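Everything below concerns the one structure shown next.
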Amino acid sequence: MIYLKTTFKNISWRFYTWALLLIMFTSCGSIEKIRVDDGRFYKGDQPYYFIGANYWYGPLIAAPNIGDRKRLVRELDLMDSLGINNLRILVGAEGGNEDFQVKPALQPTQGEYNQDLLEGLDFLLAEMRKRNMYAVLYLNNNWIWSGGMSAYLNWNGYGEVANPFLEKYTWPDYFKYTQQFHTCTPCRQAFLNHIRFILGRTNSINGKKYTEDNTIMSWQVANEPRIFTEEDRAPFKEWLDEVVTLLENLDPDTLISTGAEGKASYLQEIDTYKMLHKNPNIDYLTMHMWPKNWQWYDPNNEEESLKSSIVKANDYIQEHLQVARELNKPIVISEFGFPRAKESLSKKASIGNRNTFYRELFQLIEISSKEKSVLSGLNFWGFAGFAKTNEKNGKWEVGDDFSADPPQEPQGLNSVFASDTSTLNLIKKYNDGLQD
């Protein structure tokens, strides 16, 4: 009897321990790692193709003090219902002292961090993990709207940022100023330290180390890192290779991408794009697509310029798909946006032209999925969910809701809101098709 009781107790204890571990594992969520094999993404043993969203502000509304976690959860649930399981997210802004800039910043001064926003990033990743969503986290920005490279220059003695949104500076002034980042040794070192800090983090919500969390599909070097001039070629390549090497050393199991617009990032040279992405530690390619910003689309001649925008977009895409095939790497159109009719900020304005443009790109990923080709993902710009915006002038001010459009742009210009049901239905239709 003693033996039987002891055995029963051992079995009970083992069962209890097993059950407890199972509950803990389930509560934390399990998510399969995304990997690359023979020019395609794989989730487990199945190819992974997706229509995802840009959700750059996610950590801000996930922050416990300045955020709105109820809104975040509603938006994640809505995206989940549409089959959106891939979100491109800004890790955090720098500085935050300039006009037309994200506030608050994750890194208000060099090497100092806003704990509220770090916890926001943790919460966002933990909630995404529950829904089997993947994050592409970009670590820097070529553009002033989140501080980025210009903030590092300001911190390290390069003087006032040449803010192109102020009358005394132009865009060429900003380009000349920001180009210096690639040759600024203390700036580069500070950015490497930032990478070490973020990749060394453990999630305060679920206890997962960032480098062990499959929710993070990819570390992305920056948003649209650019070669600005002929003189910038060698410094840019040296800097890019330096960052990619560090990412690979710190987290060899997570994918790495650059965040490039495509050849638009490299003096419109497709060969330069190819050369830079030959780096074996860069796992997949990216390109962006902005018909309005690239002067393809004219709101005063919508019908004809929409048609020409589609033709030009296809030409641009095909040129980059060819590079992806040659390098045998997947490629993602990780940004594309399109305004409402007449560039209206009203949620009641027609989104017919946007839907037409979106459909063209959705059809390309549908074909690529069926053919098991290299075009592997799309991230539209961007998901604004339940954000409330000022439809009269579109200006963003501290305390306003964050939408998909960054602070320097009219709020609602390229945003897809929860009320844009025709666009959401289109996204769901094609995402459902990718899962067939």
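Residue -2 is where the sequence shown starts when you use this note's numbering, and the numbers rise one by one after that. Yeah, the Cβ is synthetic: ideal placement off N, Cα and C, and Gly gets one too. None of these values were measured; they are calculated from a predicted model.
When you compare the CB positions of residue i and residue j, do they come within less than 8 angstroms of one another, or not?
| i | j | result |
| --- | --- | --- |
| Gly89 | Pro56 | yes |
| Asn83 | Tyr131 | yes |
| Leu122 | Asn111 | no |
| Ser254 | Gln217 | yes |
| Tyr54 | Phe399 | yes |
| Glu221 | Asn139 | yes |
| Gly36 | Lys326 | yes |
| Leu247 | Leu196 | yes |
| Val133 | Ile86 | yes |
Could you tell me the boundaries of the beta strand (DSSP E) in which residue i lies?
| i | result |
| --- | --- |
| Glu258 | Element bounds for Glu258: n/a, residue is neither H nor E. |
| Lys67 | Counting along the chain, Lys67 falls outside any beta strand (DSSP E), though it belongs to the alpha helix (DSSP H) covering 66 to 78. |
| Ser400 | No beta strand (DSSP E) holds Ser400; DSSP gives it neither H nor E. |
| Trp216 | 213 to 217 |
Between the options, which lies nearest to residue i when the distance is taken from Cα to Cα?
| i | options | result |
| --- | --- | --- |
| Asp280 | Asn94, Lys271, Phe178, Glu157 | Lys271 |
| Tyr174 | Leu150, Ala384, Arg185 | Leu150 |
| Arg351 | Ile81, Lys426, Trp287 | Trp287 |
| Tyr436 | Gly156, Glu91, Leu423 | No statement about residue 436 is possible, as the shown extent of the chain runs from -2 to 433 and does not include it. |
| Met76 | Asn153, Arg128, Ile58 | Arg128 |
| Glu363 | Gly92, Tyr46, Ser215 | Tyr46 |
| Asn94 | Trp142, Asn311, Ala338 | Trp142 |
| Pro101 | Thr226, Arg71, Ile63, Gly80 | Ile63 |
| Ala148 | Asp42, Gln176, Ile224, Lys30 | Gln176 |
| Asn153 | Leu375, Glu124, Tyr171, Phe188 | Phe188 |
| Glu209 | Ser366, Glu357, Pro249, Ile267 | Pro249 |
What residue range does the alpha helix (DSSP H) around residue i cover?
| i | result |
| --- | --- |
| Phe172 | 168 to 176 |
| Tyr270 | 267 to 273 |
| Ile81 | That residue, Ile81, is in no alpha helix (DSSP H); it is neither H nor E in DSSP. |
| His191 | 182 to 196 |
| His317 | 299 to 324 |
| Arg128 | Arg128 -> no alpha helix (DSSP H), and no H or E assigned at all. |
Can you find a CB in chain B that lies within less than 8 angstroms of the CB of residue i?
| i | result |
| --- | --- |
| Ser27 | The chain labelled as chain B is not found in the depicted structure, where only one protein chain is given. |
Going by other Cβ atoms of all chains shown within 10 Å of its Cβ, with 16 needed for buried, is residue i buried or exposed?
| i | result |
| --- | --- |
| Glu116 | buried |
| Arg193 | exposed |
| Lys275 | exposed |
| Gly334 | buried |
| Ile314 | buried |
| Gly49 | buried |
| Val308 | exposed |
| Val508 | Residue 508 lies beyond the range of the chain shown here (-2 to 433); nothing can be said about it. |
| Gly108 | exposed |
| Thr420 | buried |
| Asn297 | exposed |
| Thr251 | buried |
| Thr212 | buried |
| Glu323 | exposed |
| Met21 | Here Met21 scores only 41 on pLDDT, less than 50, and its place in the model should not be relied on; the value that follows carries that caveat. That one is exposed. |
| Ala310 | buried |
| Ala231 | exposed |
| Pro169 | exposed |
Whether or not the stretch 405 to 412 and the stretch 368 to 382 are in contact is what I'm after, with contact meaning three or more pairs of Cβ atoms, one per stretch, closer than 8 angstroms; do they touch? yes
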